[in-house]
Structure formats: structure tokens, C-alpha cells
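In order, the protein sequence lines correspond to chains U and V. Residue numbering for the first sequence follows my numbering, beginning at 1 and increasing consecutively. Residue numbering for the second sequence follows my numbering, beginning at 1001 and increasing consecutively. Built from N, CA and C at the ideal position, the CB exists for glycine as well. All values derive from a computational prediction rather than experimental measurement. Read the structure below first, then the notes.
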Amino acid sequence: MSTATTAEAPTKAPTGIRPPVMDADGRIGPRANLRHIGALVRRNALQIKQDPESMFDAVFMPIIFTLLFVYVFGGAVSGKGNQGEYVNYLIPGLMAMQGLNIAMAVGTGINDDFKKGVMDRFRTMPIARSSVLIAKIVVEIGRMMVATSILLIMGFILGLSIHTSVLELLAAVGLSLVFGASLMWIFILLGLTMKTAQAVQGVAMLVLMPLQFGSSIFAKPTTMPGWLQTFTDYNPLSNLADAARNLVNGGPVAHSALMTMGWAVAITAITAPLAVAKFRKRT
Amino acid sequence: MTRIDNNPEGGAANAVTVRGLVKHFGDTKALDGVDLDVREGTVLGVLGPNGAGKTTLVRCLSTLIVPDAGTATVAGYDVVKQPRQLRRTIGLTGQYASVDEKLSGWENLYMIGRLLDLSRKDARARADELLERFSLTEAAKRPAMNYSGGMRRRLDLAASMIGNPAVLYLDEPTTGLDPRTRNEVWDEVQRMVAEGATVLLTTQYMEEAEQLANQLTVIDRGKVIANGGINELKAKVGGRTLQIRPTDPGQLGAMARAIAEAGLDGVSGTQAVPDEGLLNVPILSDEQLTAVVGLLGARGFGIAHIGTHLPSLDEVFLAITGQKPTLQESESDDEIQEVAA
């Protein structure tokens, strides 16, 4: 029989630990921003630890792709059943492709992730909203590094030989990571714009297939019809594949590397702000 | 930017002030000019059926959505003009637990501590402290997805408390919980309130508002339809019921007859409820209460217990709107009846 149990004269709240006082405008300083990104990277990394199956694509995709392409196309592309030569052509190109595939997974993953209640909590907290997206990208770059390591190990097993130096190999890896990170912004934007993860996947496949195969990743564009050559020449994946290939095998790098960096910067400059704005507005 | 002084009456300051808040979603007006105030250190219950606009209100006040018109300030900060400052002063516990399911309870709290700029050491200490306080220490290392509904809700409350928010929003904190778990959550909220938290609580459960809130704002279809203290609202609806438990349940009938025959001014409709061993006497004033008890004493009836019972908030809603709460889903209807039962 309690009709009025609530306290009328409340005591003072416990002091406990108070967060540091913000500046008058409530802006988040760069150091705080880094700390927030760090905490969110930890979250994304712990999620992978909790759900190791989410690493399957990064681990098995490079194994299956290398085996498949080297043994199915290798003989045909390089002629005389000479797969060894094709390995050196293909592996640097696959670095480029992997970035695209992992970036696509980011789009579908983020679509699911951002429907969860915890995103509401993040969006009501005094953190830059971009930090949630940046943390995701940092972890995905880690996944790309795992995938690329496995790709290279597979390559060495199948006969990949470095004609230049380890430094140039690392430059090729670095270039594909930078480009892959820029692609992630496109797919994050897609993931935040579309309603379901399936829809994201559908659109992504439409873009993915022509970009991957209409490039210099698998075959030399000189063997293709003229109109397609024009397409592959402007396809940023060709630029990246060429740059990575020449870094590993020796050859002119400057043009294709600069083009790749240009694409990466342009894509990030356009899609990153759009993605952050989309995340901010999403209700 | 300076804090807006909103203390016109000189009493306790308003922690939340909402004036004429409007939010459309397409053609539907989720909020249609809502005014409300939450005084510092009090609990305001926002009561309304499903679809009344409660969650939209909370989302506006926590900067998740931008209102179309009207103003709202929380801890002196404007929701539209000063969202960054405002976010530092609020805690939100939603209808759907907003913790990361894949992370353990401890990791969730640690992460939020770090996002609120606590040092590593402080974030660890705060996580341990809050897990302990919300009786989750044993489950600290388990992923939240393996928690029961009540544990998840408690973790969610703990997460909202990390930054010692000036204002805490509880958006239907017990929706979908079984009665036992609901009581657990109520206990926690009552503790926070006793410690001086300012809370805006939305609920569709009358009983919940009665348990937790000091003040009540009733909304329906995006509009405020009543406002005031719980007892004020109940007084509007009508009188109280005096409940008397005799020492000898066998005397219920005799007592009811004695009251009826005495013809006390304005006292009528006395009912004996033998199943509960109670005598229910509708009364309108304290004088009538005294008269009834005095009469029974003078006639030599033994009284074991007396109490007065205010009308339920279901009845309040009925009295204000002339109808039962407009419910959108039959499912919620069941929930209400379950709680009211």
C-alpha cells in the first residue's frame, strides 16, 4: 500500500569521477579524438575476437583466389601452360582486388552494425561522430593487412619472386592499403544510405564485377578490344595493379602510382565527408 | 556561449525545459507542440500509450533528431544550437538496450568511460564500481549477448551512469521485462533518484510512473493532455478509497452495515471484500475518514490495518481523455493488463 514512495527531498548526487571540463564551445580536441578512436578500435577488434568467423573472408579469400586464378587461367593467359610466370603478374594485381573485396564487406557490415542500439549511444556521446567510422576503417585496414600477408605467402608458395627489393614490395602493399581505405569510404556511404545489407551487397556486386575484370588485374589490356582498353586505362584498379606489379617486378612506377594516389585522395575527399554527414543525420 | 539561466520562479532550477516542440515524420505529427519542465533532482514521468510521441521526445532531447519547431534546453544547453555541450550532460537508456552485444559487460563500461575522457585507470575503476553496484560483477567478463533481459537493462543503466549525467533519460526502461526483472530495474532507478539524479522517464505503465515519478506529464498523439503532481492528477479524478482490515474477517458484513446505518454525511457505497478480508469505503475528505474510523471504534470493532488507496493511473487516463489510452498494437495492450493485474 505505498502511494507516495518517491523521495521528496533528494540528496546531492555522488561526486565520483567527473570527466574533464570541455571548452566553452564543446569542441573535441585532437588528443581526445585520438583517444575516442582508440577506444572504438578496441571495440571493433574485440568484436572480431568474439566472432572469429568474421575473419574467414580475409583468411580464405586470398588462398582460394590465388589457387583458382593461377591454375585455371595461368596456363591460358601466359601460354605454354607456364603458370609460374603468371604468378608474378597476378599476385600484385590481387592485392588491388582484395582492397575492393574487403571494402565491400565493410559496407554490408556497417549497415547491420549501425542498426544496433549502441550506435544511438555513440551518437548521444560527446565524441566526434566521424571517430566511429574512422575506428571501423582502422580495424578493416588491419584485416586487409592479414589478407595481404596470406596472399603473399600463397604467392611465394606458388613461385612468386621479387625482382626488386623488400622495400618496394612494402611500398606496393602500402599503396594498396591506402587505396583500399579510400574505397571503404564509398562502401560506408553506401552502407549508411541503403536500407538493408542485402541491397548493399547487390549494388556492390554490380560495381565490383566490371571494375575487377575490366582491369589489368587478370590479363594484359593489350589483348582486349580498343573500347575496353580505354575503360581499363581509366580504371583506378588498373593503375593500382600496374603500380604494384612494377614495384614487385621492376618497371616504370611513377605514373601509375601517382594516378592511384590521386584516385585515393579524390575518392576520400568526396565520399568521407558525405559518409560522416549521412551518419550524423541517420535517425 | 553562456548557459541560459532558466530559474524564473526562484525555486529549484529547471534541468529540462521544453516549449512548443514539434516533430513531423512525413504526414504524421509525432510531436505537436509539447511543453514540459523537469526540475533539478526530480523525476518527471512522461506517460502515454504506444505511438504517443514519447520516444520522439527523448530522441529530440538527446540530439539524435532535430525538432522542426519549438525550443528545448537541457542543463541550460539548447538541443539544436549546443548539441556538443549538451551531450556531455546527459545519459540515455533506451527501450532497446544500447550496449554492444559482442563485448563483455566490463568492456562495454570501460569503452564508454574512455569515450567520456576518463583516464585508463579511472575508466577501469568506474567500470568495476558500476558493475558491482548493479550486481553484475559475476557476469563482468561474459559477452552481453549472453545476459538475461534484466541484466542487459541493468548494464545499460550502468553505462548511462558512467559520466555522472546531470539529466538521465529512461525511455521505457522496463518495456518487455517480466515483473521480477521490472522490480530490479525499479529498485535501481529509485536508488539513483534517492541519490539526487534528475530523470525524465517515459513509460506506458501507470504503475511505473506511480512508483518512480514525482511529476507527471501525460501525452497522447504528440500533445500534452495533462500535467502535474501524481496526487494532483489523481485528485482531479475523484476521491480516495479507505481500506479497512478488521481483526476478525467475520465481522466485515457487520461493519459494512454499521457504516451504512450510521448515515455519515457523504459516505456511501461501502463494500465488503471477503476474499481479501477488506472493507472498501469511498471517501472524499479527511473528515469522512476520521468519522468512519471513529464510528467503527465506538462500536467496538477491532481494526488491524487501515490505508487509503488513490485511483490507478489507468483511471486517471480515462478521466482526462474520456477513453482508454489509444494503443497502436494489441501486444502492448496485453502488457498493460499484465502490469495492471
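Find out if the Cβ-Cβ distance for the pair V:I1244, V:I1306 is shorter than 8 angstroms. Residue numbering aside, residue 1244 of chain V sits at position 244 when the second sequence is read from its first letter. Residue numbering aside, residue 1306 of chain V sits at position 306 when the second sequence is read from its first letter. V:I1244 places its beta carbon less than 8 angstroms from that of V:I1306.
What residues of chain V sit near U:V118, judged by a beta carbon separation below 7 angstroms? One-based indexing of the first sequence puts residue 118 of chain U at position 118. The CB of U:V118 comes closer than 7 angstroms to the CB of S1098, V1099 and D1100 in chain V, given here in chain order.
Secondary structure of U:L274, DSSP reduced to three states: By one-based count along the first sequence, residue 274 of chain U stands at place 274. DSSP places U:L274 in helix when its eight states are reduced to three.
Below-8 angstroms beta-carbon distance, U:H255 vs any chain V residue: If you number the first sequence from 1, residue 255 of chain U lands on position 255. Answer no: the Cβ-Cβ gap between U:H255 and chain V never drops below 8 angstroms.
Buried versus exposed, by CB contacts within 10 Å (16 or more), U:P52: As a first step, residue 52 of chain U must be located in the first sequence, where it is residue number 52. If you draw a 10 Å sphere on the C-beta of U:P52, you find fewer than 16 other C-beta atoms in it, and that means exposed.
With a Cβ-Cβ cutoff of 8 angstroms, do V:S1149 and V:E1184 count as a contact? Translated into the one-based positions of the second sequence, residue 1149 of chain V becomes position 149. Translated into the one-based positions of the second sequence, residue 1184 of chain V becomes position 184. Residue identity check: residue 1149 of chain V is Gly in the sequence provided, not Ser. Here V:G1149 is not near V:E1184, since their CB atoms are 8 angstroms or more apart.
Out of curiosity, what's the CA-to-CA distance linking U:A103 and V:V1038? Here residue 103 of chain U corresponds to residue number 103 of the first sequence, with the count starting at 1. Here residue 1038 of chain V corresponds to residue number 38 of the second sequence, with the count starting at 1. Roughly 46 angstroms between the two C-alpha positions.
Among U:L169, U:A257 and U:A45, the one whose alpha carbon lies nearest that of U:L151: As a first step, residue 151 of chain U is located in the first sequence; it is residue number 151 there, counting from the start. Of the candidates U:L169, U:A257 and U:A45, U:L169 places its Cα closest to the Cα of U:L151.
Kindly say whether V:T1063, judged by its beta-carbon, lies nearer than 8 angstroms to any beta-carbon of chain U. Numbered from its first residue, the second sequence carries residue 1063 of chain V at position 63. Under the Cβ distance rule, V:T1063 counts among the residues neighbouring chain U, one pair being separated by less than 8 angstroms.
Check the Cβ-Cβ distances between V:R1003 and every residue of chain U, and say whether any is below 8 angstroms. Looking up residue 1003 of chain V in the second sequence gives position 3. Summary for V:R1003: the model assigns pLDDT 44, below 50, so the residue's position carries little reliability; its value from the coordinates is reported in the next sentence. So no, V:R1003 is outside the interface.
Does the region 76 to 96 of chain U touch the region 154 to 166 of chain U, meaning 3 or more C-beta pairs lie closer than 8 angstroms? The region 154 to 166 of chain U, when compared against the region 76 to 96 of chain U, does touch it at the 8 angstroms Cβ threshold.
Sorted by chain position, which residues of the same chain lie with C-beta nearer than 7 angstroms to V:P1008's C-beta, five sequence neighbours on each side aside? As a working note, residue 1008 of chain V is residue 8 in the second sequence. Residue placement at V:P1008 is flagged as unreliable, the pLDDT there being 45, under the threshold of 50; a coordinate-derived value is accordingly withheld.
Where DSSP assigns a beta bridge to V:D1220, which residues make up the other side? Counted from its first residue, the second sequence places residue 1220 of chain V at position 220. Note: V:D1220 is bridge-paired with V:K1223 in the DSSP secondary-structure output.
How about V:V1016 and V:V1074: do their beta carbons lie closer than 8 angstroms? To locate residue 1016 of chain V, count along the second sequence from 1; it is residue 16. To locate residue 1074 of chain V, count along the second sequence from 1; it is residue 74. With contacts defined as CB atoms closer than 8 angstroms, V:V1016 and V:V1074 qualify as a contacting pair.
Around the Cβ of V:T1089, are there at least 16 other Cβ atoms within 10 angstroms (buried) or fewer (exposed)? Working through the second sequence from its first residue, we reach residue 1089 of chain V at position 89. Around the CB of V:T1089, 16 or more other CB atoms lie within 10 Å, so the residue is classed as buried.
According to DSSP, residues forming a beta bridge with U:Q98: Looking up residue 98 of chain U in the first sequence gives position 98. When DSSP reads this structure, U:Q98 sits in no beta bridge, so it has no partner.
Interface residues of chain U facing V:G1094 [CB-CB closer than 9 angstroms]: Taking the first residue of the second sequence as 1, we reach residue 1094 of chain V at position 94. Neighbours of V:G1094 on chain U, chain order: G117, D120 and R121.
Going along chain U in order, which residues have a C-beta closer than 7 angstroms to the C-beta of V:I1320? Reading the second sequence from its first residue, position 320 is the one you call residue 1320 of chain V. Ordered by position in chain U, no residue passes the 7 angstroms Cβ test against V:I1320, which lies about 19 angstroms from the chain.
Please classify V:H1024: does DSSP put it in a helix, a strand, or coil? As a first step, residue 1024 of chain V is located in the second sequence; it is residue number 24 there, counting from the start. Judged by DSSP in its simplified three-state form, V:H1024 adopts strand.
Neighbour list for V:P1143 in chain U, Cβ cutoff strictly below 8 angstroms: Mapped onto the second sequence, residue 1143 of chain V falls at position 143. Around V:P1143, the beta-carbon contacts reaching into chain U at under 8 angstroms are Q50.
Own chain partners of V:E1040 with C-beta closer than 6 angstroms, once the 5 adjacent residues on each side are dropped: Translated into the one-based positions of the second sequence, residue 1040 of chain V becomes position 40. Contacts found: A1012, A1013, A1015 and T1198.
When you compare the CB of V:Q1082 with every CB in chain U, is at least one pair closer than 8 angstroms? As a position in the second sequence, residue 1082 of chain V is number 82, starting the count at 1. At a cut-off of 8 angstroms between C-beta atoms, V:Q1082 counts as an interface residue with respect to chain U.
Looking only at its chain, what residues have a beta carbon closer than 6 angstroms to the beta carbon of U:N111, apart from the 5 residues adjacent to it on each side? Start at 1 with the first residue of the first sequence, and residue 111 of chain U comes out as number 111. So the list reads G191, A197 and V200, once near-sequence residues are dropped.
Taking 8 angstroms as the threshold (beta carbon to beta carbon), is U:R285 in contact with chain V? Outside the shown range of chain U, which is 1 to 283, sits residue 285 of chain U, and nothing can be said about it.
Skipping 5 residues on each side, what residues in its chain have a beta carbon closer than 7 angstroms to that of U:Y288? Limits of chain U in this structure are 1 at one end and 283 at the other, which puts residue 288 of chain U out of reach.
Got a sec: which bits of the region 129 to 153 of chain U sit with their beta carbon under 8 angstroms from any beta carbon on chain V, in order along the chain? Residues: none.
Would a C-beta distance cut-off of 8 angstroms place U:A172 and U:M95 closer than the cut-off? Position 172 of the first sequence, counted from the start, is the residue given in the question as residue 172 of chain U. Position 95 of the first sequence, counted from the start, is the residue given in the question as residue 95 of chain U. Yes; because the gap between Cβ atoms is below 8 angstroms, this pair is in contact.
Here's a check: name, in chain order, each residue in its chain whose Cβ is nearer than 6 angstroms to the Cβ of U:P291, leaving out the five neighbours to either side. Nothing can be reported for residue 291 of chain U, as the shown portion of chain U is limited to 1 through 283.
Which residues of chain U have a Cβ atom closer than 7 angstroms to the Cβ of V:E1107, listed in chain order? Within the second sequence, residue 1107 of chain V is the residue found at index 107, counting from 1. Neighbours of V:E1107 on chain U, chain order: L46.
Are the CB atoms of U:V41 and U:A135 within a distance shorter than 8 angstroms? In the first sequence, counting from the first residue as 1, residue 135 of chain U sits at position 135. In the first sequence, counting from the first residue as 1, residue 41 of chain U sits at position 41. In this structure, U:V41 lies closer than 8 angstroms to U:A135 by Cβ.
Is it true that the region 139 to 150 of chain U meets the region 177 to 188 of chain U, where meeting means three or more beta-carbon pairs spaced less than 8 angstroms apart? As far as the Cβ criterion goes, the region 139 to 150 of chain U touches the region 177 to 188 of chain U, which means the pair count is three or higher.
Starting from V:A1127, trace the alpha helix (DSSP H) in both directions and tell me its first and last residue. As a first step, residue 1127 of chain V is located in the second sequence; it is residue number 127 there, counting from the start. For V:A1127, the enclosing alpha helix (DSSP H) stretches over residues R1120 to R1133.
Using C-beta distances below 8 angstroms, list every residue in its chain close to V:T1181, excluding the 5 sequence neighbours before and after it, in chain order. Along the second sequence, one-based indexing puts residue 1181 of chain V at 181. S1148, G1149, G1150, R1153 and T1174, listed in sequence order.
Assuming V:R1240 is part of the beta strand (DSSP E), what are its boundary residues? Your numbering for residue 1240 of chain V matches position 240 in the second sequence. For V:R1240, the enclosing beta strand (DSSP E) starts and ends at R1240 to P1246.
For V:P1282, which beta-bridge partners are listed by DSSP? Taking the second sequence and counting its residues from 1, one reaches residue 1282 of chain V at position 282. Answer by DSSP bridge pairing, in chain order: V:T1241.
Could you say if the region 1249 to 1267 of chain V and the region 1209 to 1228 of chain V meet the contact criterion of at least three C-beta pairs nearer than 8 angstroms? Result no; under three Cβ-Cβ pairs closer than 8 angstroms.
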